[in-house]
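Below is one structure, written out as structure tokens; the observations come after it.
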Amino acid sequence: MNQPLVSLTIDGIAVQAEPGITILKAAQLAGIEIPTICYHDHCTANALCRICVVEVSGARTLVPACVATVQDGMTVYTHSERVQRSRRTILEMLYASVDLSEAPEIQTMAQVYGADPQRFPEAERRTLSPIDDNPMYIRDYAKCILCWRCVQVCAEDAQYTYAINFSGRGYETQISTFFHRPMPETTCVFCGQCVGVCPTGALKPKREWLLEQGYTPEAIMELTRSERRGKKRRANLAA
Amino acid sequence: MLIPERVVPTVCPFCGVGCNLELHVRDGFIYKATSSFDSVVNHGNLCVKGRFGHDFIYHPQRVTVPLMRKKNQRPGERTQAFDLSEWREVSWDEALDYVADRLVEIYQREGSHAMAVYCCAKATNEDNYLLQKMYRALFRTNNVDHCTRLCHAASVVALQMAIGSAAMSNTAAEVIENDVFILTGSNPTENHPIIALQMKAAVRKHGAKLIVVDPRRIEMVDYATLYLPIKPGTDVPVFSAMAHVILKEGLYNRQFIAERTENFEAFAASMEKFTPEYAESVSGVDRNLIIEAARLYATAKNAAIYWALGIPESSHGVANALSLINLALLTGHIGRRGTGLNPLRGQNNVQGASDAGAMPWHYPGYQRVDVEENARRWEQAWNVEPGGLSRQLGLTTTEILSSVGPGGVRTLYIMGENPMMSEPNLNHTRQKMQELEFLVAQDLFINESGAFADVFLPATSWAEKEGTFTNTDRRVQRVRQVIPPRGQSRPDWEIICDLAKRIEKRLGRPTTAYWDYQHPSEILEEMGRYVPEYAGVTYERLEREGGLQTPVWDAQHSGTPFLFAETFPRGRGKFHPLDYTPNAEMPDDDYPFVLSTGRVLEHWHGGTLTRHSWLDDLFPEPLVDIHPGDAARLGIQNGDPVRVTSRRGSIVLRAHVTSKTNPGVVFIPFHFHEAAANLLTHDILDPQAKIPEYKAAVVRVTKARPEELGPRAEPQLRGRY
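Residue numbers (this note's numbering), protein chains in the order written: chain P, 114 to 352; chain A, 1272 to 1992.
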């Protein structure tokens, strides 16, 4: 436990850090902020979105700060030109494929990094309609950036329920239940841990969503059971 | 994208875990609940009830105007009125004057023994403190109880006998520090979902070993090192056989026994008969499993025991709980971090309601009513003349109802409880409710009990009032007003104060017990002046420091995360010799199954709240769990309507064929009025704790015709069960 501290330089500042902690944490302790999107303090980090990449002297590629651990003698640049260009491009590609209208933190980031939301006008945006298959929450995967937080809290990061995972490949990749079953037919216990960690409004409590659709609170509370249970379920029963 | 007008931090109103909530509001409508990831209780995690189950506040059937029955109700002819057409809307003045008139008239005619009140484990500490104060100080009766009697009463009695304190000895989050833990009579994935997450993490991430002892193959069995599939009611032989093995193999903690306990010899002698072979013969648990469990528990560095209502809800519930306490004393697994005895409390505020004196034998702070010094202290607190307070032990929840009749209890005041769903043997309960001379219900909905009332007083929900709840690990937390009261509804504490003043005026007593509080913080302050465990709990500190774990001895004391480090409240921990008493009813040819009752994840108790919530869409109808082997023998398929009959009643519901229940045991949740499980349960009580044997009535299961089901909601196909 009492291993000697690791010495490294982050943006020219000499930093002493516990061995084994990530560059992200070490930077935070030194008061240097590295942007994150898929990272969440209470989830396992997977370095999926790559927005937290930093430049490490001597490393061939940029390094994701949320998982890379500090090494003795390391020299880290968190905001070099190469890092900034990379972050800007990641944001522009996200804009090209996902509806980020309910992700204020990513919008702010785009401004900070001068990302152009229209940089890839030819790109095909993911257009998926919201999945309304249960009375508790809706899943609007057009807004999903595949950060994986929801899958992780459904699994070992919190709930141990394993109701959702990735399905499809490449452009078709999406968070889904097994065989795209309606949520009530899965192992889901409707804890909503997934809703609690979603950063882009892709997962949303049903009543919040209904308010956005223009329903008044009174109209929401007058919905019938079958209306509350959702469209997909009804379609499924009819089929 | 909705921007909330306000985000108000508060505490979940459902179970005893006490999860921290943040409620998001627009136009008085709570549309979303989140939780801070920094919360020490739940780390941002919630269950379906806490996350989505708050919509009952806005249910169209909620009553928000005071109501009085149109037709006068007479004892013996009292009827249930669910329809608003049988009630008339009245002003608060009219309703409260009428209640005061009737209560005072009956009190003056019949005396204090005619008065009785059910406090409420869902209401705040302040609400409960005031209601027991009203009945004790004004009507001079100790007939004050609440649903703790139907829940952990036997655990409380046993812990008081052996240790001197009845609360959980640890913080729930400490479970990750256990090397070994026993889980028995508890199904936390459904009933304490957030504690279940911590237990799962303890096993999967921190290497803890779990021993499950339960008649149902609950989800936590998937995480267990050992599973002991016990027959209902054989807890004493199984845990005593573990003690037997620990004694025989010399695995007990000699130093702890010598320094911290008493009565070891008598106890050890009584364990002689509980050989693993004998335990196997009565419990059906393989003797080798019992031996392994004993060794695992005794040789662990830190071990703890968690239990819920499978232990106390029995005609020998006190003995069941003592068999667990004996194990902890024998091995010294108590009084250190990561060890202890933890009865998981059910209701959000059952700990607090008990602390606040909503019990027939105790003033607030567990001060016995039959101890002169205590009575004097509270006489002084409430401006009652010396000798004014009753020194007689009051009636318990179950005794209150069975005493209804001429010369007995004549009137009942129910705050938020629903005995017509939650008492055992409901046919008997119904008869007793009908015999009441006067009944007041203070609630959100006209439930099965409120439907019998003369007057209905519309209370606010937890989101419309200020107060405190005390959770299962003794943590006092702030409940905050999120929205204004709906309609004319009022917070319980305000209703009680208003009514108490009217009663006091009619009684014409020269001094007042004091009812002029401006804010609930003053009520907690009054309680803290006379209850040492709450002396250091103030609203100001709760705002500043978040939750405080009682005992908090003074303004500087930081609270007590785990108990009994140095000593037990009674001094030495006391071993209790035990004998095995079988359940009151044992299966026979006519009634071959044992019925266990309990809760499901999506619902809460009598269903007053959750059946008025969208939660009901997820679990809309009652189901009886039956083992596939038993079902095949009876020719019952999953979803078939079946009739379940006990010696006391009969209900029809759909079968859920599942190996989550063991052969010979059927399980029915008690939330559903369509097929109320408590029509079947047995009202025999534990002689010391007065708790009914909910977990072991014998029943028979037969096929039923679909039309016998009556109108039922369309079933919901679910993967989780």
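Where is the CB? At the ideal position from N, CA and C, for every residue including glycine.
Going by DSSP, which residues form a beta bridge with residue i?
i                : result
Q287 of chain P  : P:S280
W1885 of chain A : Paired residues: none, contrary to the question.
V169 of chain P  : P:V189
Y1577 of chain A : A:L1454 and A:N1613
What does the alpha-carbon distance come out to for the pair residue i and residue j?
i                : j                : result
P1249 of chain A : I1482 of chain A : For chain A, the structure presents residues 1272 to 1992; residue 1249 of chain A sits outside this window and is missing.
T1419 of chain A : D1557 of chain A : 34 Å
L403 of chain P  : D253 of chain P  : It is not possible to answer for residue 403 of chain P, since the shown part of chain P is limited to 114 through 352.
A127 of chain P  : Q197 of chain P  : 22 Å
Y1400 of chain A : D1626 of chain A : 9 Å
E131 of chain P  : L118 of chain P  : 5 Å
I1561 of chain A : V1509 of chain A : 7 Å
V1808 of chain A : N1441 of chain A : 19 Å
W1733 of chain A : W1358 of chain A : 25 Å
G1738 of chain A : V1553 of chain A : 48 Å
R195 of chain P  : A172 of chain P  : 13 Å
V1972 of chain A : I1582 of chain A : 25 Å
T1700 of chain A : A1968 of chain A : 17 Å
L1866 of chain A : Q326 of chain P  : 46 Å
A1784 of chain A : A1646 of chain A : 14 Å
V308 of chain P  : G314 of chain P  : 8 Å
E1719 of chain A : I219 of chain P  : 51 Å
E237 of chain P  : G1721 of chain A : 59 Å
Which term fits residue i, buried or exposed, when burial requires 16 or more other beta carbons within 10 angstroms of its beta carbon?
i                : result
A352 of chain P  : Bear in mind that the predicted position of A352 of chain P carries a pLDDT of just 43, short of 50, making it too unreliable to give a figure here.
Q1748 of chain A : buried
V167 of chain P  : buried
L350 of chain P  : Summary for L350 of chain P: the model assigns pLDDT 47, below 50, so the residue's position carries little reliability, and this model does not support an answer.
G1456 of chain A : buried
A1947 of chain A : buried
G228 of chain P  : Looking at the sequence shown, residue 228 of chain P is not Gly but Ala. It is buried - the Cβ of A228 of chain P has at least 16 other Cβ atoms within 10 Å.
H1587 of chain A : buried
D1506 of chain A : buried
G133 of chain P  : exposed
N1949 of chain A : buried
Q1403 of chain A : buried
T299 of chain P  : buried
A1540 of chain A : exposed
G1920 of chain A : buried
K1342 of chain A : exposed
Y1637 of chain A : buried
N1698 of chain A : exposed
R1918 of chain A : exposed
Q1622 of chain A : buried
Confirm, please, whether the CB-CB distance from residue j to residue i is below 8 Å.
i                : j                : result
V1589 of chain A : A1438 of chain A : no
F1943 of chain A : E1892 of chain A : yes
C1422 of chain A : L1672 of chain A : no
N1396 of chain A : T1741 of chain A : yes
C1391 of chain A : G1687 of chain A : yes
A1473 of chain A : I1447 of chain A : yes
L1880 of chain A : Q1987 of chain A : no
N1291 of chain A : V1282 of chain A : yes
H1515 of chain A : F1545 of chain A : yes
R1411 of chain A : S1436 of chain A : no
T1868 of chain A : I1794 of chain A : no
With distance defined between alpha-carbon atoms, name the residue in the options nearest to residue i.
i                : options                               : result
I1301 of chain A : A:Q1651, A:A1433 and A:I1274          : A:I1274
L1894 of chain A : A:T1881, A:S1661, A:G1779 and A:V1871 : A:V1871
I1453 of chain A : A:L1499, A:L1715 and A:F1538          : A:L1499
G1347 of chain A : A:R1780, A:P1677 and A:P1934          : A:P1677
I244 of chain P  : P:K319, P:S280 and P:V302             : P:K319
L1715 of chain A : A:D1725, A:R1904 and A:H1883          : A:H1883
T1532 of chain A : A:E1563, A:K1703 and A:N1597          : A:N1597
C311 of chain P  : P:L142, P:V189, P:C260 and P:H192     : P:C260
M1798 of chain A : A:V1823, A:L1683, A:Y1389 and A:A1304 : A:V1823
S1307 of chain A : P:Q306, P:Y284, P:Q141 and P:T157     : P:Q306
S1310 of chain A : A:E1796, A:P1280, A:E1694 and A:G1299 : A:P1280
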